[in-house]
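The sequence shown lines up with residues 7 to 310 when you count with our numbering. Note that beta-carbon positions come from the ideal geometry of N, C-alpha and C, so glycine has one too. Comments concern the structure below.
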Amino acid sequence: MKSITSNEKQQPFGSLTGKDYIILIIDKYLCNLITNPIIITSLILLIYIYLQYNQLMIITILSNPKETYSWDFIMSEDYYYDIISNLINIIIILRFQIIIELSIYIECLLFILQNIMCSLILNHLQYIDNILIKTCIILEIMAPYLVFIISIIDWKTNKDEREDKDNEEEESNGWYQGLRDCNNYFLPLFINYSLLLINYDFPILNGVDNDLFFGYLQFTYKLLSFMFKLYLSYQFILYEYVVIFYNLYNIKDYSIFYKEVSIYNNSCKSIIKNIDNIDFRNYWMLIVCGSLIIFDSIVIYMKP
């Protein structure tokens with residue numbers, strides 16, 4: 007598994023190729039401009055806190071004897087779905103942005119858990135009438151197994167070129183990489199499916215005096231949540247794109263593919279500085295997702 011080092015970041019990449027322009031469009035414009043994760047997640051957290059605070063205030067303080075505003079209107083299932091959705095976000099961030107290397111045992115556990123999730127999704131297909139959506143979901147579930155088979159075949163085919171390595175270690179690495187690739191391709195299915203989970207609202211706020219304002223905020227909250235999911239999807243595309251076309255892993259800053267970098271210009275300094283910003287971005291997203299999970303859990307705990 008190859009990764010770019012600090013010294014390699016300082017080498018000039020020359021003129022941009024067509025492949026580099028694709029990275030430029032996805033990373034610079036789609037990820038950092040249109041779906042900027044720091045702005046989006048900050049707004050998601052602020053709007054959630056504001057809406058949830060007003061909803062809980064109405065229930066606990068402003069409720070009338072007739073219980074017009076009561077906990078009965080709060081559906082715990084919505085918050086469970088939101089927790090699952092944010093857990094998927096966290097896994098995507100750890101997998102394709104912070105890029106944590108897991109042991110083969112953890113990869114096996116992740117494989118089992120993802121297969122359980124797939125079985126639940128397949129069970130849910132009976133409630134979907136659209137044949138096209140059903141077909142796409144089934145194909146998405148089949149894809150990771152196909153990737154695993156191709157990865158193992160590729161490893162077996164090129165085994166002779168790696169005879170200088172320890173056989174036991176090489177075999178372990180081959181199965182590990184195949185399993186990791188398989189797990190990676192499960193995640194787009196879950197992040198796409200989690201789009202369906204962004205569908206809960208704040209029902210108590212629908213009957214108050216300024217419900218129109220709260221309605222706009224709820225719409226904005228859902229729109230930002232969709233945009234965040236798109237951002238995570240773009241990150242998966244970038245990760246796999248660089249792995250396939252450049253055979254490089256653990257890339258933190260994709261701007262190295264569309265900025266000419268050398269030790270003699272300012273682009274190198276800006277990229278190295280940008281890595282610190284990227285670390286902040288990644289951990290900020292984790293903080294926001296973790297905070298939402300905590301807030302959802304508190305609401306579930308408070309509900310009688």
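Beta-carbon proximity check, residue i vs residue j, cutoff 9 Å
i	j	result
L193	R287	no
L238	I99	yes
I28	Y247	yes
Y394	I50	What the structure shows of the chain is the stretch from 7 to 310, and residue 394 is not part of that stretch, so it cannot be assessed.
S231	I210	no
I110	L185	yes
I32	Y260	yes
W161	P310	no
P43	F196	no
V340	T41	Residue 340 is absent from the model: the chain starts at 7 and stops at 310.
L298	N92	yes
I143	Y199	yes
F301	Q58	yes
Y264	L30	yes
L292	I96	yes
Y245	M81	no
Contact test: residue i Cβ vs the ligand SAH heavy atom, cutoff 8 Å
i	result
Q61	Here there are no bound small molecules, and the ligand SAH is not part of this structure.
Straight-line Cα distance separating residue j from residue i
i	j	result
I94	Y222	26 Å
I53	M148	38 Å
V305	Y85	8 Å
I104	G296	16 Å
I158	E113	16 Å
D26	I262	9 Å
L126	Y151	17 Å
I284	K258	7 Å
F208	I156	46 Å
L254	T66	54 Å
L202	H130	12 Å
L145	M123	15 Å
Q132	Y87	19 Å
V249	F242	11 Å
L229	M308	27 Å
E83	V153	34 Å
I139	L128	12 Å
L22	F79	56 Å
N164	G180	10 Å
T141	D187	22 Å
Where residue i falls: helix, strand or coil (DSSP)
i	result
I300	helix
Y255	strand
K309	coil
Y237	helix
T41	coil
K162	helix
L22	coil
M81	coil
Q103	coil
K228	helix
N136	coil
D285	helix
F196	helix
M291	helix
S109	coil
F219	helix
Y206	coil
K265	coil
I67	coil
Contact with chain D by residue i, beta-carbon distance below 9 Å
i	result
Y151	Looking at the structure shown, chain D is missing, and only one protein chain is on hand.
| said: Does the contact criterion of 3 or more C-beta pairs under 8 Å hold for the region 112-128 versus the region 216-230? | reply: no
| Any 3 or more C-beta pairs closer than 8 Å across the region 24-44 and the region 182-201 | no
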